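S.K.:
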């Protein structure tokens, strides 16, 4: 069989498995070390009682013939779609129809699958640093060349996210745009923790309209926004329905990293250009993709996700987010006291810190693991511009966060 | 944005949504009709008590910080992978390693995603009739032209599955092979209910070796095989590890159509040809695809799937399968008594019947719905060679199956 040749362009390992490998090797060689993991952005608090109750009830439904659920609608059950629509959109004055919401088993899958709607030669723009799935899924689909010595893939348009632009790069100038078809934007941002303002997002929507480009807006961390003036949805921006899709996830909002549920909003106003220049509906295309290659998220999981929107669910998951954000504050302030320049952590569960001068991201990773027994994520794992930075996650127990800050204070005193 | 042009080659609706639409329209116009659904192959028995217990226990684990599970291994938890390996393979004398098993959220997803490993111009062979996902996912990826008047997609190699060959077409002759890269084989077959013998499968493995082709073996219905002499896994055939991947599902085996779990076996012996003629490992490629675009099946679901392999789980799910197979016997015999020529239903939950002379599959569908208030699946929905056939599923209550047979006897008397 002739294989897809583009997989060979990807470097050896996905970032997190590589981190796992190094941590396991270190732990095996130093069994006495109490390693604290602030690397992979994985939640640590248990599921909220409202969610647990709903999942038990759903399991019981599956035990009786009268209430058993087989194949559900691929797009998600009405009870969940309507809860999403009402709470996340209608109540905020945002127009989203039920058949524009596609429930999935998580945003990683949606991120990876969405590129199937793009032409094979579509030009993709990403921020740098960036969540690796946006890049890797387009590399696998053949939209890039093999990476250069700088780690960049020819054919991708990179938008440097730097301290100078607050890690929120503006739209590329017309002359630089190279006919960009798609841009991936993540706000609040993974990995930098930066959040886009209404003005910044408005500029992107205007740019996308002008250039007939698609914005893939990843709002997986919207629940961490602390300031109501900041946009939680790109559809708060007038005109965004014509140029954007939006990804949301229950992973970080409600502790679903091991439960698996997210959703993608694809407005029916959104059009792309077909082979003959005709305008095609991305909603219809995604619906076709979703019904052909996916069979719906687990019923028990969807019942759990719907419980997030109950009064108890909202209160309980809100308290978890407040807990993680207090962790973020403790980390931020502890790092700053230890002399680090830190970003993020105010509307996102990630702290983005500058590594000491002359220390690469991976060197800092190895040093922090060895000296402080702390695991973080090397910034260079998110792209060349992430070199010289390091991500710490606020997902952990308070005791571990306090201990991490104490170790940092000691090691970097 | 320039869109993937190949989606436009697909006809309007995926088969089952179209059936749903017609049934809803009929039910709305005839609210008094008691419609019995034997169309979509969806289970009706509730989950077995062993599975229910395991899922409740898993939900409880998610409620406590000490036992909470966040991101799991993308490939599946060891407890499930080892249960699969031991029960489905090792105990049957089949060599499969743990890192050759990839747990997923179901075979529909695996069927749709697997083609990402193939070259863009790989030549795909399918039986006709066939499970639509094999075809549609390759159409979307641009491996075909637009369909002709006969519904066939230029570029695909169709292998007619007819009464004459027992609905198990042999490998194409060398001169007809057109350099086939991949063939999809499903046994026990959806939709025909046919099952391949050891000799037939051995011939396919030999052909694949000779032509350096990949066999995608879909064994989603293996639990319905009643004769131990028939192969349940392609890896029972010597040499298959070098030419085949195998899909398995808990959907029909344990009632997981709404729970969502399956797995794909990709042997490490399997090689394909890269762009430069080098040999590449499909196991490594699938591992990369799985870790990059998927985040593991839900923990609660994986615990439920593992319970299928406990003594209670095996006994309880075995009893369900026996129940459905008794339904199949009742349907088969009732249809035969009513004068129909019937196939399948002996090692599969599907009956494949010939529609009366001069009646198309969709005409028979509409007539059966109107006269007997029974829903089946038109054979032509599975491919041009399915015209003149009709699929009935054995998934229903005994009362409904008895009633269906009584209505058929009356209508076709």
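Chains as they are written, first to last, in this note's numbering: chain A, 1 to 413; chain B, 1 to 413. C-beta atoms are modelled at their ideal positions from N, C-alpha and C, and glycine is treated no differently. Computed from a predicted structure; not experimentally measured.
1. Which same chain residues end up closer than 7 Å to residue 317 (chain B) when comparing Cβ atoms and leaving out the 5 residues on each side of it in sequence?
2. In the DSSP assignment, what are the bridge partners of residue 261 (chain B)?
3. Could you confirm whether any beta carbon from chain A is found closer than 7 Å to the beta carbon of residue 211 (chain B)?
4. Going along the region 299–333 of chain B in order, which residues come within less than 9 Å of chain A, judged by CB to CB distance?
5. Mind reading off the beta-carbon distance from residue 274 (chain A) to residue 154 (chain B)? Whole number of angstroms is fine, and I expect it under 8 Å.
6. Roughly how far, in whole angstroms, is the beta-carbon of residue 381 (chain B) from the beta-carbon of residue 15 (chain B), given that I think they are within contact range, below 8 Å?
7. So which residues of chain B does residue 45 (chain A) contact, with C-beta pairs closer than 9 Å?
8. I want to see whether chain B comes within less than 7 Å of residue 42 (chain A), judged by CB atoms only; does it?
9. What whole-angstrom Cβ distance do residue 280 (chain A) and residue 272 (chain A) have, given they're in contact under 8 Å?
10. Residue 110 (chain B) CB to nearest chain A CB: under 7 Å?
11. Within a Cβ cutoff of 7 Å, which residues of the same chain sit near residue 328 (chain A), ignoring the five residues on either side of it in sequence?
12. Looking at C-beta atoms only, is the number of pairs between the region 227–244 of chain A and the region 210–219 of chain A that lie closer than 8 Å three or more?
13. At 7 Å on the CB atoms, spell out the chain B contacts of residue 136 (chain A), in chain order.
14. Considering only the alpha carbon of each residue, which of B:323, B:300, B:162 and B:360 lies closest to residue 189 (chain B)?
15. Are the C-beta of residue 351 (chain B) and some C-beta of chain A separated by less than 7 Å?
16. Secondary structure at residue 65 (chain B), three-state DSSP: helix, strand or coil?
17. Starting from the beta carbon of residue 17 (chain A), find every residue of chain B whose beta carbon is closer than 7 Å, and list them in chain order.
18. Using a Cβ-Cβ distance cut-off of 7 Å, determine whether residue 190 (chain A) contacts chain B.
19. Which term fits residue 86 (chain A), buried or exposed, when burial requires 16 or more other beta carbons within 10 angstroms of its beta carbon?
20. Just list the residues that DSSP pairs residue 352 (chain A) with in beta bridges.
21. Based on the DSSP secondary-structure assignment, which residues constitute the bridge partners of residue 184 (chain B)?
22. Please compile the residues from chain B whose C-beta is within a distance smaller than 9 Å of the C-beta of residue 119 (chain A).
23. What residues from the region 250–277 of chain A come within 7 Å of chain B, judged by C-beta to C-beta, listed N to C?
24. Output needed in chain order: residues of the region 203–236 of chain B with a Cβ under 7 Å from some Cβ in chain A.
25. Quick one: residues in its chain with C-beta nearer than 7 Å to the C-beta of residue 123 (chain B), no 5 flanking neighbours on either side, listed in chain order?
26. Under 8 Å: do the region 107–118 of chain A and the region 320–335 of chain A share three or more Cβ pairs, one atom per stretch?
27. Which residues in the same chain have their Cβ closer than 6 Å to the Cβ of residue 61 (chain A), if we skip the five residues on either side of it in sequence?
28. Where does residue 246 (chain B) fall in DSSP's three states?
29. How close, in whole Å, do the beta carbons of residue 388 (chain B) and residue 355 (chain B) come, if the pair is a contact with beta carbons under 8 Å?
30. Beta carbon of residue 376 (chain A), beta carbon of residue 20 (chain A): below 7 Å?
31. Run down chain B in chain order and give the residues with a C-beta less than 7 Å from the C-beta of residue 288 (chain A).
32. From residue 101 (chain B) to residue 142 (chain A), what distance separates their C-alpha atoms?
33. What did DSSP end up calling residue 71 (chain B) once you bin it into helix, strand or coil?
34. Near residue 244 (chain A), which residues of its chain fall below 6 Å by C-beta distance, leaving aside the five closest residues on each side in sequence?
35. Express the C-alpha separation of residue 201 (chain B) and residue 132 (chain B) in angstroms, rounding to a whole number.
36. Cutting at 8 Å between CB atoms, please list the residues of its own chain near residue 120 (chain B), excluding the five before and the five after it.
M.R.: Taking the coordinates as given:
1. Excluding residues up to 5 positions away in sequence, 48, 253, 254 and 308 lie with their Cβ nearer than 7 Å to the Cβ of residue 317 (chain B) in the same chain.
2. Paired residues: none, contrary to the question.
3. With respect to chain A, the C-beta atom of residue 211 (chain B) has no partner C-beta closer than 7 Å.
4. Per Cβ criterion, the list reads 299, 300, 301 and 304.
5. Taking C-beta atoms under 8 Å as the contact rule, residue 274 (chain A) and residue 154 (chain B) fail to qualify, at a distance of about 19 Å.
6. Sure, about 4 Å apart at Cβ, within 8 Å.
7. 65 and 68, listed in chain order.
8. Residue 42 (chain A) counts as touching chain B.
9. The pair is a contact, with the Cβ atoms about 6 Å apart (cut-off 8 Å).
10. No, no contact with chain A.
11. Setting aside the 5 residues that flank it on each side, residue 328 (chain A) is surrounded in the same chain by 345, 349, 351 and 394, each with a C-beta closer than 7 Å to its C-beta; the list follows chain order.
12. Touching, per the Cβ criterion.
13. Neighbours of residue 136 (chain A) on chain B, chain order: 292.
14. Comparing alpha carbon positions, the residue from B:323, B:300, B:162 and B:360 closest to residue 189 (chain B) is B:162.
15. Nearest CB-CB separation between residue 351 (chain B) and chain A: not below the 7 Å threshold.
16. Coil at residue 65 (chain B), not helix or strand.
17. Result: 291.
18. By this cut-off, residue 190 (chain A) is not an interface position.
19. Burial call: exposed.
20. Here residue 352 (chain A) is bridged, per DSSP, to A:343 and A:391.
21. Partner residues in the beta bridge of residue 184 (chain B), as assigned by DSSP, are B:126 and B:216.
22. Simply 1, 2, 3, 4 and 5.
23. From the region 250–277 of chain A, only 257, 258, 259, 260, 272, 273, 274 and 275 have a Cβ closer than 7 Å to chain B.
24. Answer set for the region 203–236 of chain B: 212, 213 and 214.
25. Its chain contains 157, 178, 179, 180 and 181 as the residues whose beta carbon lies nearer than 7 Å to that of residue 123 (chain B), once the 5 sequence neighbours on both sides are disregarded; these appear in chain order.
26. With a cut-off of 8 Å, the region 320–335 of chain A and the region 107–118 of chain A do not count as touching, because too few Cβ pairs lie within range.
27. Excluding positions up to five away in sequence, the list reads 67.
28. Note: residue 246 (chain B) maps to strand in three-state DSSP.
29. Distance from residue 388 (chain B) to residue 355 (chain B) at the Cβ level is roughly 6 Å; contact confirmed, criterion being Cβ atoms closer than 8 Å.
30. No.
31. The answer, in chain order, is 7 and 10.
32. Using only the alpha carbons, I get a separation of about 27 Å.
33. The answer is coil: DSSP assigns residue 71 (chain B) none of H, G, I, E or B.
34. If we look at residue 244 (chain A) and ignore the five residues flanking it on each side, its Cβ neighbours are 215, 217 and 234.
35. Across the structure, residue 132 (chain B) and residue 201 (chain B) are spaced so that their CA atoms are roughly 22 Å apart.
36. Cβ neighbours of residue 120 (chain B) within its own chain (closer than 8 Å, five residues either side excluded): 141, 142 and 143.
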